[in-house]
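Peer 1: All the letters of the sequence shown, read from the start, carry residue numbers 351 to 1460 under the working numbering. Every residue, glycine too, gets a C-beta built ideally from N, C-alpha and C. Computed from a prediction, not measured in an experiment: that's the story for all the values here.
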Amino acid sequence: MTRNDDAPSRILLPDAPADQAAILAEGGVACWSEPVWIDTYEPGDPDPYPLFLDRRVYQGSSGRVYPLPMIDAVSAEKKPRRWNAIHLENAYVRLMLLPEIGGRIHIGFDKVAGYDFFYRNNVIKPALVGLAGPWISGGVEFNWPQHHRPATFLPVDARIEREDDGAVVVWHSDIDPLQRMRGTHGIRVRPGSSLIEADVHLHNRTDGTQTFLWWANVAAASHERYQSFFPDDVAYVADHARRAISAFPRADRPYYGVDYPALAAQRADADRIDVYSNIPVPTSYMITDTDDAFFGGYDHAADAGFVHWADPAISPGKKQWTWGDGEIGRAWDAQLTDTDGPYVELMAGVFTDNQPDFAWLLPGETKRFRQYWYPIHRTGPVRQATTDAAISVDAKPGGTRIGVAVTRAYDGLTVSAAIGEDEVWQWSGTLSPATPLVQVVDARSACSADVDRVTLRHGDVVLVEWRARDSTHGEPWVATEPSAPTEIASTDELLVTATHLQQYRHPTRDALPYLREALRRDPGDTRAATALGAWHLRRGEYALALEALQTAVSRATARNLSPRDGEPLYLLGLVHERLGDDAAADRAFARAGWNAAWSVPSALARARIALRAGRSVDARYLAETAGAVPEARRLVALADPDAMGALALARHLHRDDPLDAASAALVRALAAPAPGTADEAPEADSLTPLDERTALDVGAEFERAARLDVALAATEAPASSTPAAGRAGPLRHYLRALWLDRAGEPAAASAERRAGAAADASLAFPAGLEQYDALRAAVRADSTDATAAGLLGMWLLDAGRHTDAVTALQTAADAGSTDPVMWRNLALARVAATGDDEGADAALRHALHLRADARLVLERDLLAERRGLDAGARLALLNEHAPLIGTRDDLALRHVSLLLDLDRIWEAWRVLTSREFRPFEGGEGRVIAAFDRAICAQARALLADGTPDALVEAAQLLTLSVPAHLGEGRHPAEPALERIVLLGDVRAAQGAADAARATWASAVAPTPLAVAERPADALTFWRGIAHLRLGDADAAEAAWRVLGERAQALHEAPDAVDYFATSLPELTVFDTGTAAARRRTADELDELATRGRALTRAAALETNRQEASA
């Protein structure tokens, strides 16, 4: 932190405390917790209104954020903030970890080279990049179960563990806010080693099969001399979802619209996309095939870098991302840091090789794996690496430069180089992370061939060996869009497609039509019926789920009483359990457990049922058969008839995993207050869940195991929580009421429901079947409880049950709800269920009456646009809440657009020249578009004036660069063609004919920075106008023709979004399909084509007139 606002911000790392300094001096690992002051741009408050973004496209998959609240604002001013930090250090590396921001590594410093091998961002400056809003650059972000980590800006629990061999690991753990799975990652450093180890445990603690991906996202400071390196056999890279590929490291074709071969023809090596400065636009690439385990990055200016290594059998993912060395990249750099400049992200994926690419986690399953990083210096980019050492080999005209780096000190090392079977050089000696070997081997003097093998041995053990080899991997496959269900020939392909859409969380294609088509062809299809049953179960449609799953089980057991796959039986058990039929559930779970894949979750479920039935011996046996699953181990403790034995086992579980909130809660509940026991309980802080929702999860786990006392104790009071994680509010009371009802305590249940009805519901966004059941029970118990009905409607709206949502929300309205969130949700539900725009407007109007809020003003304008109100009427609605317009960027921008529509140019210009905008990823370009519109409108007025001063002013306006306060950079594929054409018109009016023609010609000149074929749009129109100005009527007519053809194609196209879209913010609030928007676009293109042809005719008439008068 810096106290001088004019000085660059700098994170000042504290010295190690005396006891840790002593450990360092003895060659050990120091680790301590000590806050640091960091200049911080604070995120805004969470949006009190839930966002239902099922069709939002984010990183190529669903951008669904519910039940997390969205944060869509960040402070424009930085202030010093004290952040909790954990410092981890040995002789070679120093790390700083931030548990309050997702448990990320914020600083990775090579003490030997004096180099930040991970990008050090000296400010906490969030931009609107994350799934739920704020996201920061720098260090290492651990992304799961999707990209980016939903909890990337939320705190995690953390603890320091010292291991017997002197290693220290800092554990971080939380429950994912969306899927409620538990993720734990430990960062381990060992004495005398430069290795940094991530020890990761991903546990599915839920009842259902889940999908996930894991990407460790390393940032590295970049410039024109920063180079990413990948294994020698990497010959191709792929874009998101494999929608495009390119050769690597030299791009052999256009990629992201950039013609790299054409650039290389102008400048040597410009096609090398392993060099940051060669990439002008935001670009991702992921390798498609390699047999190796490493990759990394190297800073040639600092002569230092890093290596990543992970088991290639489970870690195929190797990716680079950059904002690009261009206008867009520089704009985003400014959004994310003050002075630390650009970076590249070098991401390592485990159980994934692309984004999106999701793997499966069964109920109760834990996946554990490790990843490693280590700094290197002096070696140059690495050609082969292990966790012990890395080798670089660089053939030069004067010889082969060989570099060797090791991760710990070794005596008696041997390095040898060979050509074929002939050893041409050998070196022996001692190396350490501080002293790499760099040697030039002049092999060419003895042989014309290059060195093709370099080996590092320690005694008889090969630590690493590089062999020259060509890639054996051919050009990889490129993904294609699946056909419509009715166009797919086989039922198997229908099911494979449905599975893919669900597994990859496709945001704009639904698996349901594929399942329904499969069942239309074969109503008893087991796989389709199972998937359909699971879908209904997730939506709380228990009767429909029961019907589908009984169909699946009937077919599966028609000839085989022991089916090969136990999933339909397991799901059937879950449905019976939800319906309160434990006997039927137990039978289904028992049969499902015959199948090994479902034996653990089935045993867990049966153990809970046994506890509910008072059969503790059976419960203990069943829980023990589930093995080391944490939930099962807790059930073993609960089934122990000896209270002290149960407490001892619970304490053992807590010692094994102190960050497990459920085990901690169990200890707290079982610990007797008698003397001699209280002091053995864990510290109070370790017993408190990090967020309110986790407390509810813990309570639900124990209630299902017939331990109402533990459940009530775990949820007795709200946990301390950051608002950004959401609140429990009334949900805590409604859950407790449900549990008390089940336990036969109606009076206590009624009291809890009354407390729920009176509780503050702010940021309490219900999710999960247990909360659904609790809210249904509350509404059944009291139909006048507006809070419960409103929350139930919210749950149903998120589940896509729009008609049911309207019913529940209308019940809340009829009960006199004064909650603006409920009324706003009613508006969304009315549109989604029946397209009732007028009813939705009435609900929004009432919500605004209850609370004047900028989001409500924004959504009402979105609805007004959908209703077809003209610009004047929409502006009048906005002006009813004029003080709120400037409080949101998106609202301010819509206001500017309406002003421009109404030719109130100067009012719009004042906003655009004074307001600082903050973009969100995927929504870039909109502010620039408004800026260009305003400039062109003014320029036309000045052109019409025609005076010399007016023309000079017009030229100045038309040549303005995009100012920094707009927060965006112009993409080369989106040139300001209208401005360019008008600038040519201005120069023509000034009498500069040659300059005018040169300007118009620049509008139609090709550029290697934008060669991707794009659909005809307004740019096509202005390119046609430029051709017309240049006298090329044929080229202009070609532009009008493609505009017309595109319009016709849109009129005839099905209602669908680009299957491979990676970002699509338009599908946000009122998502009722894209047909209307498509028709509007088609009409606009038709109008442009008509205008263009009219201008062509006018130009021809003018030419004829001039020729006739000549």
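1. Report the CB separation of L418 from G1076 in whole angstroms; it is logged as a contact under 8 angstroms.
2. Can you list, in chain order, the residues of its chain with a C-beta nearer than 6 angstroms to that of A1028? Leave out the 5 residues immediately preceding and following it.
3. Measure the C-alpha to C-alpha separation of R1001 and A953 and round it to an integer number of angstroms.
4. When DSSP labels each residue in this structure, what does R728 get in the three-state scheme?
5. Roughly how many angstroms separate the alpha carbons of T830 and V846, rounded to a whole number?
6. If you follow the beta strand (DSSP E) that R1455 is part of, which residue opens it and which one closes it?
7. Pull up the CB-CB distance for L1090 and A1078, whole angstroms please, since I reckon it's below 8 angstroms.
8. Could you give the first and the last residue of the continuous alpha helix (DSSP H) run that contains M446?
9. If the criterion is Cβ atoms closer than 9 angstroms, does the pair R600 and R622 meet it?
10. Can you give me the Cβ contacts of D932 inside the same chain, cut-off strictly under 6 angstroms, excluding the 5 residues immediately before and after it?
11. Taking R1254 as the reference, which of V788, G1222 and G824 has the closest Cα?
12. Quick one, which of R555, R540, D1187 and V518 has its alpha-carbon nearest G533's?
13. Counting only the same chain and skipping the five closest in sequence on each side, list residues whose C-beta sits under 7 angstroms from that of D369.
14. Roughly how many angstroms separate the alpha carbons of A323 and S523, rounded to a whole number?
15. Okay, do the segment 410-425 and the segment 512-530 touch, 3+ Cβ pairs below 8 angstroms being the bar?
16. With distances taken from CA atoms, which of K746, E1452, P1358 and R540 is nearest N628?
17. What is the DSSP secondary structure of R871, counted as helix, strand or coil?
18. In chain order, what residues of the same chain have a beta carbon less than 8 angstroms from the beta carbon of A371, not counting five sequence neighbours either side?
19. Whose C-alpha, out of K429, R444 and R1329, is nearest the C-alpha of I436?
20. By alpha-carbon positions, which one of V1331, R817 and L813 ends up nearest to A767?
21. Just verifying my parser: in three-state terms, what is the DSSP assignment at A366?
22. Give a yes or no on whether the C-beta atoms belonging to R758 and G542 are separated by under 9 angstroms.
23. Suppose the cutoff is 6 angstroms on Cβ atoms and the five residues either side in sequence are ignored; what does the same chain contact list for A1034 look like?
24. Near L1243, which residues of its chain fall below 7 angstroms by C-beta distance, leaving aside the five closest residues on each side in sequence?
25. Would you say the segment 653-673 touches the segment 458-467, given that touching needs at least three Cβ pairs under 8 angstroms?
26. L1141 and P1116 look like a contact to me (Cβ under 8 angstroms); what is the Cβ gap, rounded to whole Å?
27. By alpha-carbon positions, which one of A1149, R718 and D422 ends up nearest to G394?
28. From G377, H727 and D515, pick the residue whose C-alpha is nearest to that of V462; which is it?
29. If we count the other Cβ atoms within 10 Å of its Cβ and call it buried at 16 or more, is I546 buried or exposed?
30. Which term fits W1256, buried or exposed, when burial requires 16 or more other beta carbons within 10 angstroms of its beta carbon?
31. Would you list, in sequence order, the uninterrupted alpha helix (DSSP H) runs of no fewer than 4 residues that lie entirely inside the segment 1367-1404?
32. Any idea which residues DSSP pairs S523 with across the strands?
33. Just the Cα atoms here: how many angstroms apart are P1032 and P1080?
34. Can you tell me whether L613 is helix, strand or coil according to DSSP?
35. Excluding five sequence neighbours on each side, which residues of the same chain lie with their C-beta closer than 6 angstroms to the C-beta of F939?
36. Rounding to the nearest angstrom, what Cα-Cα distance links P1025 and V967 in this structure?
Peer 2: Well, looking at it:
1. 6 angstroms
2. Because the pLDDT at A1028 is just 45, under 50, the model does not fix this residue reliably, and the point stays unresolved.
3. 23 angstroms
4. coil
5. Cα-Cα distance, rounded: 14 angstroms.
6. First-last for R1455: A1425 to S1459, but that is the alpha helix (DSSP H), not the beta strand (DSSP E).
7. Not a contact, Cβ separation roughly 17 angstroms.
8. Premise fails: M446 lies in the beta strand (DSSP E), V443 to L448, not in any alpha helix (DSSP H).
9. yes
10. I959
11. G1222
12. R555
13. none
14. Outside the shown range of the chain (351 to 1460) lies residue 323, about which nothing can therefore be said.
15. Yes, the segment 410-425 touches the segment 512-530.
16. P1358
17. R871: helix per DSSP, three-state reduction.
18. D365 and A380
19. R444
20. R817
21. coil
22. Cβ atoms of R758 and G542: closer than 9 angstroms.
23. Confidence at A1034 is low in this model, with a pLDDT of 38, below 50, so its placement is unreliable and no value can be given for it.
24. R1276, V1277 and A1280
25. yes
26. 5 angstroms
27. D422
28. H727
29. buried
30. exposed
31. With a minimum length of 4 residues, the continuous alpha helix (DSSP H) runs that stay inside the segment 1367-1404 are 1368-1379 and 1383-1402.
32. D507 and T534
33. In this predicted model, P1032 has a pLDDT of only 47, less than 50, meaning its place in the structure is not dependable; the value taken from the coordinates is given anyway. P1032 and P1080: Cα-Cα distance of roughly 29 angstroms.
34. In the structure shown, L613 falls within a helical segment according to DSSP collapsed to helix, strand and coil.
35. G923, S952, A955 and R956
36. Here P1025 scores only 44 on pLDDT, less than 50, and its place in the model should not be relied on; the value that follows carries that caveat. Using only the alpha carbons, I get a separation of about 30 angstroms.
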